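Peer 1: Please find one structure pasted underneath; my questions will follow.
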Amino acid sequence: MLAVFAHPDDAEISAGATLAGWTDEGRSVHLLVLTNGDRGSDDPGVSRVELARTRLKETETAAALLGLASVAILDVHDGDLANTPEIRARIARQVREVRPGIVVTCDPTVWFFGDRYFNHADHRAAGATTLDAVFPGAGNPHFFSDQLGDELTTWSVPEVWLGWTLEPNHHQDVTGRIDRKIAALAAHRSQVEGNMLGFFEEWLPREAEEAGRAIGVQHAESFRVLNLM
0 MLAVFAHPDD
10 AEISAGATLA
20 GWTDEGRSVH
30 LLVLTNGDRG
40 SDDPGVSRVE
50 LARTRLKETE
60 TAAALLGLAS
70 VAILDVHDGD
80 LANTPEIRAR
90 IARQVREVRP
100 GIVVTCDPTV
110 WFFGDRYFNH
120 ADHRAAGATT
130 LDAVFPGAGN
140 PHFFSDQLGD
150 ELTTWSVPEV
160 WLGWTLEPNH
170 HQDVTGRIDR
180 KIAALAAHRS
190 QVEGNMLGFF
200 EEWLPREAEE
210 AGRAIGVQHA
220 ESFRVLNLM
């Protein structure tokens, strides 16, 4: 399994309980973060270099709590993510190395959540870039062919799961794993200072309960699943 998200705490918020469930089942789950999170602060006095280092450490701590097999963070500035051949190549390489049965990312079609929030540009870019890297990228030998050799071959991803979607067609039972999701998010201390952790401790279980009602379980996470094979 491979999760590809824009910022160091996105995977936890969007799919943390699902990732924890997969690792509990003995599956290898890998995380690729496409920006270093160096603008994730409203404090003008914060060093962006130090913030990026902090967020890497926080991501590694959170990954350990979720049982992830590996974490990689690209050296791309927060807010600068774009769907470029270079980023698509990096994602395609990770896909070819990991050979995942499922890739999890953001739904790039979502711009607005109600009337109070619109989706971060990096989130939209992460979803679109990941989809383009998966197809036709990683599975086609004529894309990023310089990567290919005896130890690296093409890989066609069977399924893509899009989180933060307004068009879910799958609700993943995560009953018993919401506390771990919140604990992993809390490891991102630079992002949940003040009242933010309390907000997530209230909001995330409520969202999971709503998703769970769709399939008759206590908690679930919702995705738009694309079956590509």
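So the sequence shown is numbered by numbering that gives the first Met the number 0: it starts at 0 and just counts up by one.
Every residue gets a Cβ at the ideal spot worked out from N, C-alpha and C, and that includes glycine.
Being a predicted model, the structure only gives us computed values, none of them experimental.
(1) Per DSSP, L31 is paired with what?
(2) Using only CA atoms, which one of D131, L225, H170 and I181 lies nearest to R212?
(3) Between R223 and T129, is the Cβ-Cβ spacing less than 8 Å?
(4) Judging by CA-CA distance, which residue of T53, P7, G15 and M0 is the nearest neighbour of G175?
(5) Keeping to the same chain, check which residues put their C-beta closer than 7 Å to that of I72; ignore five residues upstream and five downstream.
(6) Take the Cβ of L18 as the centre, count every other Cβ of all protein chains shown within 10 Å, and call the residue buried at 16 or more, exposed below.
(7) With DSSP as the reference, label G211 as helix, strand or coil.
(8) Near D114, what residues of its chain come up, given a Cβ to Cβ distance below 8 Å and the 5 sequence neighbours on each side ignored?
(9) DSSP puts H169 in a beta bridge; with which residues?
(10) Quick check on this structure: which residue in S46, D9, V48 and L64 has the alpha carbon closest to the alpha carbon of R179?
Peer 2: Working from what's here:
(1) L31 pairs with V3 and A71.
(2) Ranking D131, L225, H170 and I181 by Cα distance to R212 puts H170 first.
(3) Against a cut-off of 8 Å, the Cβ pair of T129 and R223 comes out as no contact.
(4) For the residues T53, P7, G15 and M0, the minimum Cα distance to G175 belongs to G15.
(5) Closer than 7 Å at Cβ, skipping near neighbours: P7, V32, N35, L55 and T58.
(6) Buried.
(7) Helix at G211.
(8) Taken in chain order, the list of residues that qualify is empty.
(9) The bridge partners DSSP lists for H169 are F222.
(10) The option with the nearest alpha carbon to R179 is L64.
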